[in-house]
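**Student:** Going by my numbering, the sequence shown opens with residue 495, and the numbers climb by one from there.
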Amino acid sequence: MTFNKRRKHTRARANSSHGWGSKKKRRGAGNRGGRGMAGTGKRAAQKKPTIINTIGLKQYFGRRGFTTNKKKLIAINIIDLNKLAKQNKLKKQDGSYEVDLKQLGYHRVLGRGKPDHTYIIKGGYVTKKAAEKLKLNVDTKKKKEVE
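(1) I need the straight-line Cα distance from Y600 to N525, nearest angstrom please.
(2) How about L595 and P609: are their beta carbons less than 7 angstroms apart?
(3) Can you tell me where the alpha helix (DSSP H) with A625 in it begins and where it stops?
(4) List the DSSP bridge partners of D594.
(5) Mapping the DSSP letters down to three states, classify H503 as helix, strand or coil.
(6) Which two residues bound the contiguous beta strand (DSSP E) that contains I570?
(7) Grab the span of the beta strand (DSSP E) containing L604 for me, first residue to last.
(8) Exposed or buried, what is I546 when buried is set at 16 or more other beta-carbons lying within 10 Å of its beta-carbon?
(9) Check the C-beta distance from A624 over to L598 and give it rounded, since I have them as a contact under 8 angstroms.
(10) I568: which of S511, K499, Y619 and N498 sits nearest, CA to CA?
(11) Rounded to whole angstroms, what is the Cα-Cα separation between L584 and G617?
(12) Quick one: Cα of T534 to Cα of K518, how far?
(13) Give the straight-line distance between the Cα atoms of I572 and R606, rounded to the nearest whole angstrom.
(14) Residues in the same chain with beta-carbon distance under 6 angstroms from F560, minus the five sequence neighbours each way, listed in chain order, please.
Structure follows, in structure tokens:
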């Protein structure tokens, strides 16, 4: 014979906590001024002591200044130059390939891989390792554009 199981909440009638311990513990986040660091802005008097002890007032409030947008340099490796040469996407000039970095959408050449051909690089930066491998006369310390 099957029995219908009684619901738990019906058994908890007249029991104020319904099996959750203290009423205070079961309340929502509004009881404590939001969850976590919520409401820790300018007028957060009730949360200031925790901010002072954990982070410090100077670091949390009164942040000033801004970070400049850094120009993201898109790089290409020597291996990829070899692939572009195989796909005939580079101009061939006197037995060497001419690489116009700005036209290809790159800013600098990195030194990963071995060059299969000789390259003439225009309009961009070349790293020290890449310059050694490509045998270019480039002053890499001054970050001058190669032409």
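All residues carry an ideal CB built from backbone N, CA and C; glycine is no exception.
**Tutor:** With the given structure in hand:
(1) 55 angstroms
(2) No Cβ-Cβ contact shorter than 7 angstroms links L595 with P609.
(3) K622 to L628
(4) According to DSSP, which records beta bridges pairwise, D594 is partnered with K616.
(5) helix
(6) A569 to N571
(7) R602 to L604
(8) exposed
(9) The pair is not a contact, with the Cβ atoms about 15 angstroms apart (cut-off 8 angstroms).
(10) Y619
(11) For L584 and G617, the distance between alpha carbons rounds to 14 angstroms.
(12) 22 angstroms
(13) 6 angstroms
(14) none
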